[in-house]
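2 protein chains.
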Amino acid sequence: MADDSRVPIPTLTRLATYYKILGEAQVRGVHNLNSAQIEAECGISAAQFRKDLSHFGEMGKPGVGYEVAKLRARIATILHLDRTQRFALIGAGRLGQALAAYPGLNDYSFELTALFDTDKKKIGRRVNGIEIEDADGIPNRMRELNLKIAVLTVPGSEAQKASDAAIKGGARWILNFTPAHVRVPENCMVRDIVFTQEFAVLAHYIEE
Amino acid sequence: MADDSRVPIPTLTRLATYYKILGEAQVRGVHNLNSAQIEAECGISAAQFRKDLSHFGEMGKPGVGYEVAKLRARIATILHLDRTQRFALIGAGRLGQALAAYPGLNDYSFELTALFDTDKKKIGRRVNGIEIEDADGIPNRMRELNLKIAVLTVPGSEAQKASDAAIKGGARWILNFTPAHVRVPENCMVRDIVFTQEFAVLAHYIEE
DNA sequence: CTTTGTGAATGGATTCACAGCA
DNA sequence: TGCTGTGAATCCATTCACAAAG
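Residue numbers (the numbering used here), protein chains in the order written: chain A, 533 to 740; chain B, 533 to 740.
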């Protein structure tokens, strides 16, 4: 067994996929799966799957496979999906509203707790039961609600400002859905989600 | 200079970032940039930037840097951003509508050309000037419009069906925004955009 | 006999460091 | 001198292949 303390990011990403698949298997009433079946389910190779799990000690039975419920619970612990992650969403445009209502986030125990926008016309309206609040209040409100996670769905030009406000309110983890590069202090972590770039990558492969 | 024919995907992703930054520099009237300034702008290291470009031959002047307009045009050619990429969007839910209206796609020359949904109540409505059509018509319509690119924003449970219909209509490149694994024939390329996983990855790093 | 867990081998990608050009 | 372009070195990730476990 390897060291649990520094798991490669590609492994973490795949763990999230296994977690989802195991949940679906549970719903179907499947109690055991082996690595070959996981590969058939999600396209990640059996060897890769076993290697990923090897970071965390033995979890399967040779000749048999993996107990679905047990493995899923173990992954939940590793990814911290066994506790609710309350977050603020900054930017209630189309993308922000889509995220606010996205069911997949609940699967990973993320809970939208506050929603901000600068547009006065939007303030007071509700999305998925959460009221849109004035972005001017971000630092105070985030501190009041003890929110440490901010998700940015503002235009790229506003990303740094939104991030600064969130950090002023005590944020330490930021998911950046904008194409802009955001600068944060040492004790703060940013993860960029770069879906627009994926269009450009695809374009490179398009012929004729 | 290395071979142009097989560029690593991480390099392609970063090229899209450089392309965006160079566009912004152009707007600001900046004519030259060096690799250190690129690093300051987007956080990608100067060495990485130069290595990325080295796949395509010499583009800068020692002691000076890079000519913004020229480099940007060169990247556009590499990524095929110098031609319009017409695409079909399948799934007019919140995420689909957000994408349909997302300005960033125009920056990469992507043009929404058809929009499909299974929900009879949505059919006929317009999003960003494009009428929502019945998903039953996907194969015929895509062939009629000669669309080779499909973007999937349906629920995961519908992803395979949507992909099959698009391929029946002649699609060869698919961007999959669903969390589901999609199987396609050999001559077809899929790129998965896995933003929900990013929440789980972030959660792993969240303390207390 | 089947399938795991993991060292060893391979294959990439990033970083270093410097020769060479402007 | 300042900055590029690139081999060499390093670091990381994936795949292979097999001994050990049930």
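Think of the CB as a built atom: it goes at the ideal place given N, C-alpha and C, for glycine as much as any other residue.
Mark residue i as exposed unless 16 or more other C-beta atoms lie within 10 angstroms of its C-beta, in which case mark it buried.
i, result
"S567(A)", "buried"
"V686(A)", "buried"
"H713(A)", "buried"
"P594(B)", "exposed"
"A557(B)", "buried"
"T728(B)", "buried"
"I610(B)", "buried"
"I681(B)", "buried"
Name the one or two DSSP bridge partners that residue i has.
i, result
"M721(B)", "W705(B)"
"A732(B)", "DSSP lists no partner for A732(B)."
"I662(A)", "V659(A)"
"A682(A)", "A620(A) and I706(A)"
"G592(A)", "Y598(A)"
"L565(B)", "Y598(B)"
Under 7 Å Cβ to Cβ from residue i, same chain only, skipping five residues before and after it: list those, please.
i, result
"V716(B)", "S695, I699, I706 and V722"
"V600(B)", "L554, A557, Q558, V562, H563, N564 and L565"
When the Cα atoms are used, what is the spatial distance from residue i to residue j?
i, j, result
"L684(B)", "R546(A)", "21 Å"
"G597(A)", "F581(A)", "12 Å"
"H563(B)", "L554(B)", "9 Å"
"A732(B)", "D651(B)", "31 Å"
"Y737(A)", "N678(B)", "17 Å"
"A703(B)", "R675(B)", "8 Å"
"A697(A)", "N672(A)", "9 Å"
"D614(B)", "R560(B)", "22 Å"
"E571(B)", "S577(B)", "5 Å"
"L603(A)", "I662(B)", "45 Å"
"I664(A)", "A633(B)", "21 Å"
"G636(A)", "A579(A)", "27 Å"
"L565(A)", "D639(A)", "21 Å"
"N532(B)", "A667(B)", "Residue 532(B) is absent from the model: chain B starts at 533 and stops at 740."
"Q569(A)", "I541(A)", "23 Å"
According to DSSP, is residue i part of a helix, a strand, or is it coil?
i, result
"D614(B)", "coil"
"E556(B)", "helix"
"D668(A)", "helix"
"D649(B)", "strand"
"V600(B)", "helix"
"L677(A)", "coil"
"E643(B)", "strand"
"N638(B)", "helix"
"I576(B)", "coil"
"I699(A)", "helix"
"H713(A)", "coil"
"R538(B)", "coil"
"K654(B)", "coil"
"E739(B)", "coil"
"A608(B)", "helix"
"G625(B)", "coil"
Suppose the cutoff is 8 Å on Cβ atoms and the five residues either side in sequence are ignored; what does the same chain contact list for residue i look like?
i, result
"G688(B)", "T710, P711 and A712"
"R606(A)", "F588 and M591"
Whose C-beta lies closer than 6 Å to the C-beta of residue i among residues of the same chain, with five residues either side of it excluded?
i, result
"T616(A)", "S641 and E643"
"L585(A)", "M591"
"K654(B)", "A624 and I664"
"G701(A)", "I670, P671, M674 and R675"
"F648(B)", "I622, E665, A667 and I670"
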